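Reviewing the structure listed below.
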Amino acid sequence: MTANADMGSVVMLSSAVAGVGVSTLAAMLARTLAQRGVKCVLVDADLQGGGLDVLLGIENEDGSRFGDINAPLGKVDGKALLRELPVWDGVPVLSCDPWKVENPQWWEIQACIRSLAQTRRMVIVDAASHIGLDGLGDYIGARHIVVVEMTVLGLARAKALLKSSGTFDGDDGPSPILVGIGPRGTIRNRGTTDVAEAEEYLGREIDIVIRPDGRLCSALLEGLGLRKPNTATRKALERLADCVRGKVRKA
Numbered sequence: 000m001t002a003n004a005d006m007g008s009v010v011m012l013s014s015a016v017a018g019v020g021v022s023t024l025a026a027m028l029a030r031t032l033a034q035r036g037v038k039c040v041l042v043d044a045d046l047q048g049g050g051l052d053v054l055l056g057i058e059n060e061d062g063s064r065f066g067d068i069n070a071p072l073g074k075v076d077g078k079a080l081l082r083e084l085p086v087w088d089g090v091p092v093l094s095c096d097p098w099k100v101e102n103p104q105w106w107e108i109q110a111c112i113r114s115l116a117q118t119r120r121m122v123i124v125d126a127a128s129h130i131g132l133d134g135l136g137d138y139i140g141a142r143h144i145v146v147v148e149m150t151v152l153g154l155a156r157a158k159a160l161l162k163s164s165g166t167f168d169g170d171d172g173p174s175p176i177l178v179g180i181g182p183r184g185t186i187r188n189r190g191t192t193d194v195a196e197a198e199e200y201l202g203r204e205i206d207i208v209i210r211p212d213g214r215l216c217s218a219l220l221e222g223l224g225l226r227k228p229n230t231a232t233r234k235a236l237e238r239l240a241d242c243v244r245g246k247v248r249k250a
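Going by numbering that gives the first Met the number 0, the letters in the sequence shown line up with residues 0 to 250, in that order.
Now the structure itself:
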């Protein structure tokens, strides 16, 4: 088996901007796919922040998290692991809670992702800013979604990320899916870069654009979990799911 043999069914989401909504997008994408009958699993590889179970309101649910899992010789029983995970809206979730237990090593994360990729049709990974994942060589074979904050600073950071991460592009793999996220808290979109300007600056197409969803953000801040998105966000998620499924099938 080659190093990235099972990674064609893996979708990794990341961003150069912290707090832009990578975890929320990963969860909503996984839920959208599950509602279509795609068996998927959600993996929290945000080693600095973590807390995906808290975001989803399942922190008190029984089940395994990173820190509970042993990967002797870099191997994990995917079917057994899947049975041990808490489930959110039909999606099993492997969360990372760095304030409770020691963070997993990159090779433990790799072992879990590879084993889950053998048991589920799709594995959605919240990779945040890739901090602590430098040794994760298998991500070369995965599909990538790069979340771009649609601001001047957000675009500059995204361009630097895309330039420095050669594995996102070129001979080592297909181009990433770019998702533009509008900044929260602006008045009449002031400070938001339009799509045409963003694409010209980055030199590539923004595949999906998602505007801030005030009700969704408020529910998350109140600890009510991830509610259903508004109509515009739902349509954007459906387009993203179409894009992901099409590109995964070609991988």
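Built from N, CA and C at the ideal position, the CB exists for glycine as well.
Quick caveat: nothing in here was measured; it's all calculated off a predicted structure.
Drop a sphere of 10 angstroms on the beta-carbon of residue i, count the other beta-carbons inside from all chains shown, and report buried for 16 or more, exposed for fewer.
i	result
Trp-98	exposed
Pro-71	exposed
Ala-29	buried
Gly-169	Because Gly-169 carries a pLDDT of 47, less than 50, the predicted location of this residue cannot be relied on, and no value is offered for it.
Ala-230	Here the sequence assigns Thr to residue 230, which means Ala is not the residue at that position. Exposed: under 16 other Cβ atoms inside 10 Å.
Arg-214	exposed
Gly-202	exposed
Val-75	buried
Leu-160	buried
Looking only at its chain, what residues have a beta carbon closer than 6 Å to the beta carbon of residue i, apart from the 5 residues adjacent to it on each side?
i	result
Ile-180	Val-19, Gly-20, Val-146, Glu-148, Ile-209
Ser-14	Val-21, Val-146
Asp-88	Arg-30
Ile-57	Pro-85, Trp-87
Ala-240	Thr-31, Leu-32
Asn-102	Leu-46
Leu-220	none
Is residue i helix, strand or coil by DSSP?
i	result
Val-100	coil
Ile-108	helix
Met-27	helix
Ser-94	coil
Asp-52	helix
Asp-67	coil
Ala-15	coil
Asp-206	coil
Glu-58	coil
Ala-231	helix
Lys-249	Low confidence applies here, because Lys-249 scores a pLDDT of 40, under 50, leaving its location unreliable and the question unanswered by this model.
Arg-142	strand
Val-9	strand
Glu-237	helix
Val-37	coil
Ala-195	helix
Gly-73	helix
Glu-83	helix
Leu-177	strand
Ala-127	strand
Comparing the CB of residue i with every heavy atom of the ligand SAH, is any distance shorter than 8 Å?
i	result
Pro-211	Annotation note on the ligand SAH: not contained in the displayed structure, which lists no ligands.
To the nearest angstrom, report how far apart residue i and residue j are at their CA atoms.
i	j	result
Ala-127	Leu-154	16 Å
Leu-51	Gly-222	12 Å
Lys-234	Ser-114	32 Å
Met-27	Glu-237	10 Å
Leu-84	Ala-157	33 Å
Arg-244	Ala-17	26 Å
Thr-166	Leu-12	Unreliable placement is indicated for Thr-166, whose pLDDT of 45 sits below 50; the coordinate value is still reported in the next sentence. Going by the C-alpha atoms only, they are around 14 Å apart.
His-143	Ser-63	26 Å
Gln-109	Leu-54	23 Å
Val-40	Ala-218	23 Å
Asp-125	Val-10	9 Å
Trp-105	Asn-59	26 Å
Asp-206	Tyr-200	15 Å
Val-100	Ala-79	21 Å
Ala-2	Thr-23	Residue confidence is low: Ala-2 scores 48 on pLDDT, short of 50, so the model does not pin down where it sits. Its coordinate-derived value is still stated next. Looking at the two C-alpha atoms, the distance is approximately 29 Å.
Our contact map puts residue i next to residue j with C-beta atoms below 8 Å; I'd like the distance itself, whole angstroms only.
i	j	result
Leu-285	Glu-204	The requested residue 285 does not occur in the structure, where the chain is confined to residues 0 to 250.
Cys-95	Asp-43	4 Å
Thr-118	Gly-77	4 Å
Could you pull out every residue in the same chain whose Cβ sits closer than 7 Å to the Cβ of residue i, ignoring the five residues on either side in sequence?
i	result
Val-151	Thr-192
Ala-25	Leu-12, Leu-41, Ile-123, Asp-125
Excluding the 5 residues flanking residue i on each side, which residues of the same chain have their C-beta closer than 8 Å to its C-beta?
i	result
Pro-182	Glu-148, Met-149, Thr-150, Gly-153, Gly-190, Thr-191, Pro-211
Gln-34	Gly-89
Leu-81	Val-40, Pro-91, Leu-115, Thr-118, Arg-119
Glu-198	Glu-204, Ile-205
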